[in-house]
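Notes for the one structure printed next.
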DNA sequence: ACCCGAAATGTATGCGCATACACTCGCTGC
DNA sequence: GCAGCGAGTGTATGCGCATACATTTCGGGT
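Protein chains in written order, with the UniProt record's numbering: chain L, 1 to 377; chain V, 1 to 377.
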């Protein structure tokens, strides 16, 4: 690393001009084979690696696409960081007494989106740079990311609107997993509504259920809202009355859902008076707005001796791994995480090709996974 | 995106020189407040985002750190890509009849490593660029990555030696999760040996086990080898005879482990002659070189009516999520994935600070998770 | 008012590369 | 024997910024 060799060094060593060196790398067919060989030898001997910065500057395009995620760790400032494991520390023995399974869903989610993006980027010869819009210096971080890339895919809600508007003046922006929205950006969204609709259609048509309730999510979650709409679509299509509001709202966490479930259970019991049979007052099916919610309900229902799917049918949304491990396994709707990343990059590329096209929205299809919790084998 | 504004545009609009604009961004304290305000206004009005390429070129440092992963998808060429989900396709209904839980361990693993790296990079104001050394154009991809970063963290085995040597002449390289090796690079490794040692110490000391066997991994896995060494360390320390070779070798997959387990079970049974009690011939404890192997064994043992930990004690290594969902839950050793990424970036930074220091190797401690499969509560 | 040092700002240059354009050859065709 | 041509190569320039250095402005002391 004494001093990284440049085109000039290579040119001198190979006895050619820098233009030829550059051509050997960029447009090999324009150079005679014998010359090419000489240059390659010089490159190899010197350990030459072209500077991406210089190339990017000269070519007016970096060949890098950016991916911007929200901060799932909830770290606001440098001080919030947990201490790193100290090097040389002894092996730690932990008596793991159980408790809720570690929730790494969001990490997996982001990881898969990244994988999809990287895959598609690689296919087309792009590199991927990631950034997390986190902390007080968020604006600066996002700006720097935007300054280094040819296009930026942003996970919905990870960047404040004004900041997004600012960087969008420099690079094309694709918003991932947000609600289809009528702004100036391209969008990749997940078909929450159609997914829930298909799931509930199945519950009604194939399992003959008519008494269904929807457990919603936070008020500010567009996903939860869309899923509720899908729920209503299905009910209406079946000629059933569709509620205006979810029967309840979870905070999307398993623990929160447990509390909610306990409350609901009590209400139903007391509301029916003493001596009533457990759970009879519950809806026949609970369609939850996400998996964590469904799993929390499952915990409480099982604990209370209410059988799933016998007494109550339960479904989730997202397709997290834990839904395969629960008893019974949870019927859910699987998110196209990898596709999300791929589609975002694909859309960015087409935007770069045709900057003038009107903003596009791509709605990705989902997959309904039918398992035991809805009564399927 | 008509034409991204530059410092010149901002300078003109603000009525200052480009040097002042640059200073407002890089060293705000050198600029009078009133001037700063004017410049910031111009920046905001024009939608100015500094070019990372130009800055990198001028500053001779990009502020980007690279992360290079192997291709876990096994994609060699562009043609190998699975078709992306088609847009506008209908919701797919999948009857999920069970089978092995989807193995997303490696994705999670890489994702967590990335998360750790990003976290540490963010802390110090760096960006992270990822690359997957995949396909036939691997050399080019890695070169481009190296050309764009100030330092590169490479997952062991993801880059061929000669290529690594080439790029190491341009940027500092840290090798992650490889065996401690005496090459010119900095290394971050996981203390496989001490982890297994501690685990087996526990089996011997706390559970009084004396008849233990090690289920190894592939011959070419340094990790598996180190874990075996830890196993032997513990036996020897307890005055027990230590085998020269693992009792068997798995291919690190759950399915492969199942096959292996069945074969072993048959051998033991037939070797003992008819009428013998099931499983009595098996070792009292099976220390597996990774979790997938242990889970595969668990599948087969359970199927055969052999109780874990009653008849056979079983342990794994890695700490994948599935070990929390198995019955019984698997005692294992958890990998410091996030720390791996953090430590890599930390090491890169110190290397950038002091290029002259001798190559360093950091050995990350692991955590032993004691659960039911070894007899712990 | 004037001088001097510090603070603030401007000017000029180079980072390493891609590329437009100019140039040199070796041929072909006449 | 020379114009014309294309393949191969060299020369010169600019990409947008950071920064060394030059210059101006400002404030305080006398």
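Don't be surprised by glycine CBs; every beta carbon is placed ideally from N, CA and C.
On the CB-based measure, 16 or more other CB atoms within 10 Å of its CB, does residue i come out buried or exposed?
i	result
residue 151 (chain V)	buried
residue 136 (chain V)	exposed
residue 246 (chain L)	buried
residue 358 (chain L)	exposed
residue 339 (chain V)	buried
residue 8 (chain V)	exposed
residue 263 (chain V)	exposed
residue 20 (chain L)	buried
residue 306 (chain L)	buried
residue 333 (chain L)	buried
residue 112 (chain V)	buried
residue 44 (chain L)	exposed
residue 27 (chain V)	exposed
residue 275 (chain L)	Legend: pLDDT at residue 275 (chain L) = 40, less than 50; position of this residue unreliable, value from coordinates given subsequently. Flag for residue 275 (chain L) reads exposed.
residue 327 (chain V)	exposed
residue 51 (chain L)	buried
residue 319 (chain V)	buried
residue 355 (chain V)	exposed
Based on DSSP bridge pairs, tell me the residues matched to residue i.
i	result
residue 214 (chain L)	L:287
residue 378 (chain L)	Only positions 1 to 377 of chain L appear in the structure, and residue 378 (chain L) is not among them; the question remains open.
residue 148 (chain L)	None, per the DSSP bridge assignment.
residue 176 (chain L)	L:155, L:188
residue 93 (chain V)	L:368
residue 203 (chain L)	DSSP, once it has assigned bridges, lists no residue as partnering residue 203 (chain L).
residue 249 (chain L)	L:216
residue 76 (chain V)	Per DSSP, none; premise fails for residue 76 (chain V).
residue 314 (chain V)	V:286
residue 361 (chain L)	L:187
residue 334 (chain V)	V:318, V:367
With residue i and residue j assumed to form a contact (beta carbons below 8 Å), what rounded beta-carbon distance in angstroms separates them?
i	j	result
residue 158 (chain V)	residue 70 (chain V)	4 Å
residue 313 (chain L)	residue 209 (chain L)	6 Å
residue 231 (chain V)	residue 196 (chain V)	5 Å
residue 174 (chain L)	residue 153 (chain L)	5 Å
residue 63 (chain L)	residue 146 (chain L)	The pair is not a contact, with the Cβ atoms about 15 Å apart (cut-off 8 Å).
residue 386 (chain L)	residue 257 (chain L)	Residue numbering for chain L in the displayed model covers 1 to 377; residue 386 (chain L) lies beyond these limits and cannot be assessed.
residue 121 (chain L)	residue 127 (chain L)	7 Å
residue 129 (chain V)	residue 129 (chain L)	5 Å
residue 373 (chain V)	residue 315 (chain V)	7 Å
Using 8 Å as the limit for Cβ to Cβ distance, is residue i near chain V?
i	result
residue 65 (chain L)	no
residue 374 (chain L)	no
residue 176 (chain L)	no
residue 303 (chain L)	no
residue 131 (chain L)	yes
residue 204 (chain L)	no
residue 225 (chain L)	no
residue 145 (chain L)	yes
residue 357 (chain L)	no
residue 166 (chain L)	yes
residue 446 (chain L)	A question about residue 446 (chain L) goes unanswered here, because the residues of chain L that appear run from 1 up to 377.
residue 233 (chain L)	no
residue 76 (chain L)	no
residue 57 (chain L)	yes
Please confirm whether residue i has its beta-carbon closer than 8 Å to some beta-carbon of chain L.
i	result
residue 245 (chain V)	no
residue 111 (chain V)	yes
residue 272 (chain V)	Legend: pLDDT at residue 272 (chain V) = 46, less than 50; position of this residue unreliable, no value from coordinates given.
residue 370 (chain V)	yes
residue 194 (chain V)	yes
residue 321 (chain V)	yes
residue 11 (chain V)	no
residue 307 (chain V)	no
residue 296 (chain V)	no
Between the stretch 116–124 of chain L and the stretch 339–356 of chain L, are three or more C-beta pairs nearer than 8 Å? Enough Cβ pairs lie closer than 8 Å, so yes.
Three CB pairs or more closer than 8 Å across the stretch 103–112 of chain L and the stretch 35–46 of chain L: The stretch 103–112 of chain L vs the stretch 35–46 of chain L: no contact.
Any contact between the stretch 167–185 of chain V and the stretch 71–82 of chain L? By contact I mean 3 or more CB pairs, one from each, below 8 Å. The stretch 167–185 of chain V, when compared against the stretch 71–82 of chain L, does not touch it at the 8 Å Cβ threshold.
Between the stretch 294–311 of chain L and the stretch 343–354 of chain L, do three or more beta carbon pairs fall short of 8 Å? Flag = no, the stretch 294–311 of chain L and the stretch 343–354 of chain L do not touch.
Please confirm if the stretch 47–58 of chain L is in contact with the stretch 28–37 of chain L, defined as three or more CB-CB distances below 8 Å between the two stretches. In this structure the stretch 47–58 of chain L does not lie against the stretch 28–37 of chain L, because fewer than three pairs of beta carbons, one per stretch, are closer than 8 Å.
Do the stretch 177–185 of chain L and the stretch 87–98 of chain L meet, that is, are 3 or more Cβ pairs less than 8 Å apart? At 8 Å Cβ cutoff, the stretches do not touch.
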